[in-house]
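In our numbering, the protein residues as written are 508 to 1046.
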Amino acid sequence: MLHFSTWKTAAIGALCLLGVIFALPNVLPQSVRDSYPSWFPARTIVLGLDLQGGSQLLLEVDGEALRKSRAIGLQEEARRVMREARIGTTGIDLNGMTVAVTLRDPNDLAKAQERLRTLAQPIGSSAFSPGTGQLDLEVGQRNANVATATLTDQGLQARVRQAVDQSLEVIRRRVDQLGTVEPSIQRQGADRVLVQVPGLADPQRLKDILGQTAKLEFRLVDPNFPIGQPPSGPLPAGSELMYEGGSEGNPGIPVVVERRVIVSGEDLTDAQPGFDQNNRQPIVSFKFNTRGAQAFAQVTRENVGRPFAIVLDNKVISAPRINEPITGGSGQISGNFTVESANDLAVLLRAGALPAPLNVVEERTVGPGLGQDSITAGTRATWVAAIFVIVFMFATYGVFGFFANIALVVHVVFIFALMSLLGATLTLPGIAGIVLTIGTAVDSNVLIYERIREEFRAGRSMVSAIESGFKHAFAVIVDSNSTMAIAAIILFLLGSGPVRGFAVVFLLGILTTVITAVTMTRLMIALWYRRTRPTTMPF
């Protein structure tokens, strides 16, 4: 066991060299890393929110707004299917989560109910009846000429969960386009999303970016109501009142728009900030996909001379007049933007709309100074722990303890190398994980050395005791590290945020422990034995 071939020795040396190469960029200044050739490893460990500062938001999906939107949508869909089926109605009313369709002819009740059932959407299979999907709609009747459609609680809850899943992807796209590094975006509970953006110096901008639904719509302006004049009477069923501009205490210019959406933000393929060549004001240029371009061209061709409204989150950005058909599939949005607001709007449009508004439940900002204090405290704790462990090992096991200390240094280097290679994020709990692995790393050496001492005291020769110690202690080391790895994996799978960061570092530490404590320590002892040929135990 103490014999190492030349290629094995070279392989271990090469592995250590690679560890140093991948870990080295973490201690070099940026100017030196920039001078590296393109093929040379230059990735560094990303510091988490608690170490470099940044912003954290806990967002909650506005379930009430989502339910209201779904109910209004159901009302519009009910109106559409009744019209398509040529079923006469005297009213389609919304009361809470129930849409009531009042029929002219009671004989149409069964037909109306059948059409309403087509609006139901499956929400998954029942736990008690696998393969039988539940629907989010219950169709019934109030009396002989009123058919009802009620949204179920299970369906609404499923829609909230779906909204959270969709929001995760939209938020990730928005944050990524801000140019930040390694944001952490994860689900919290049934209806919340935790967003951590290390290094972001402007938390208010993050709130502005994530707080907007960014639901873009193009609608025609109702020609019966002039722009700027508030309506004096009730609005038609197919129109609604919105406002353009405005500020705190001033709602802005009233604009009555049709409920029918010509083109929505879902048909956008790109959005970029720019400047209007005429008045040099910031604008946002956009492009439609094929479907959106065709729909927009058709509507503008049929409505030359009429104004149309560009609506963002139920607020009119601008209401230009259609002077000629717009057939190119592109256009621009102007609305007294600043350079930053135009850029932010382009980011929102490119990332897509949120399925529901997000409310800020909790906001936390960590300054760079506090992050540096955490780094200093964590580094001090690591050095103190390492020094005590090194002194203890050398005082207890002599030259064997010296070998264990060298393996310990390589162990830490390997952790940083692996984290750099994987692009992992280091948090304050991650530093705690490194400190913990320092103790567990030498624990394997303690098991080996104590077994060697027992074998030597039992009458074995020096070389036989060393071989037997490594052989019999190996199984114990694997078992003990396996149990710790299981605990770390459970922490990673069930934990979140800092807990997962701790679990990742701990898992990497367990992996490198087995390599350094068994392989490297055995190589150093083998080389020492060949050179000195001792006859007594050095500790």
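For every residue, glycine included, the Cβ atom is placed at its ideal position computed from N, Cα and C.
Computed from a predicted model, the values in this text were never measured in an experiment.
Buried/exposed call for residue i, threshold 16 Cβ in 10 Å
| i | result |
| --- | --- |
| residue 597 | exposed |
| residue 978 | exposed |
| residue 555 | buried |
| residue 847 | exposed |
| residue 559 | buried |
| residue 741 | exposed |
| residue 745 | exposed |
| residue 964 | exposed |
| residue 843 | exposed |
| residue 678 | buried |
N- and C-terminal bounds of the alpha helix (DSSP H) containing residue i
| i | result |
| --- | --- |
| residue 978 | 969-1001 |
| residue 1009 | 1005-1021 |
| residue 620 | 616-624 |
Local conformation of residue i per DSSP, three classes
| i | result |
| --- | --- |
| residue 705 | strand |
| residue 951 | helix |
| residue 672 | helix |
| residue 533 | helix |
| residue 722 | coil |
| residue 583 | helix |
| residue 648 | strand |
| residue 936 | helix |
| residue 931 | coil |
| residue 611 | coil |
| residue 629 | strand |
| residue 1026 | helix |
| residue 678 | helix |
| residue 699 | strand |
| residue 833 | coil |
| residue 551 | coil |
| residue 811 | coil |
| residue 694 | strand |
| residue 593 | coil |
Pairwise C-alpha distance: residue j and residue i
| i | j | result |
| --- | --- | --- |
| residue 514 | residue 1018 | 22 Å |
| residue 896 | residue 909 | 11 Å |
| residue 726 | residue 701 | 34 Å |
| residue 924 | residue 918 | 10 Å |
| residue 705 | residue 958 | 47 Å |
| residue 574 | residue 697 | 15 Å |
| residue 886 | residue 641 | 55 Å |
| residue 797 | residue 810 | 20 Å |
| residue 731 | residue 620 | 35 Å |
| residue 1033 | residue 880 | 43 Å |
| residue 1027 | residue 973 | 14 Å |
| residue 768 | residue 774 | 12 Å |
| residue 770 | residue 563 | 35 Å |
| residue 747 | residue 699 | 31 Å |
| residue 485 | residue 552 | Absent from the model: residue 485. The displayed extent of the chain is 508 to 1046, so no value can be given. |
| residue 643 | residue 630 | 6 Å |
| residue 938 | residue 791 | 44 Å |
| residue 481 | residue 566 | Missing from the structure shown is residue 481; the chain here goes from 508 to 1046 and no further. |
| residue 511 | residue 518 | 11 Å |
| residue 1008 | residue 996 | 11 Å |
| residue 608 | residue 763 | 26 Å |
| residue 613 | residue 723 | 40 Å |
| residue 1045 | residue 968 | 13 Å |
| residue 635 | residue 951 | Annotation note: pLDDT 35 at residue 635 (below 50); position unreliable, no value reported. |
| residue 785 | residue 853 | 20 Å |
| residue 520 | residue 980 | 24 Å |
| residue 1041 | residue 1035 | 9 Å |
| residue 594 | residue 654 | 12 Å |
| residue 583 | residue 759 | 27 Å |
| residue 1030 | residue 930 | 31 Å |
| residue 807 | residue 826 | 13 Å |
| residue 541 | residue 831 | 53 Å |
Extent of the continuous beta strand (DSSP E) to which residue i belongs
| i | result |
| --- | --- |
| residue 657 | 653-658 |
| residue 564 | 561-568 |
| residue 815 | 815-819 |
| residue 602 | 596-602 |
| residue 1040 | Per DSSP, residue 1040 belongs to no beta strand (DSSP E) and is neither H nor E. |
| residue 823 | 822-825 |
Proximity test, residue i beta-carbon vs the ligand ATP heavy atom, cut-off 7 Å
| i | result |
| --- | --- |
| residue 623 | This structure does not include the ligand ATP; it has no bound ligands of any sort. |
CB contact below 8 Å: residue i versus chain D
| i | result |
| --- | --- |
| residue 526 | In the structure shown, chain D cannot be found, because there is only a single protein chain. |
field: Segments assigned beta strand (DSSP E), at least 3 residues, entirely inside the stretch 836-901
entry: Fully enclosed beta strand (DSSP E) runs of no fewer than 3 residues occupy 837-840 and 865-873 of the stretch 836-901, in order along the chain.
message: Ignoring anything shorter than 3 residues, give me the beta strand (DSSP E) runs that lie fully in the stretch 729-797, in order along the chain.
response: Within the stretch 729-797, the complete beta strand (DSSP E) runs of at least 3 residues fall at 746-751, 760-765, 775-782 and 789-795.
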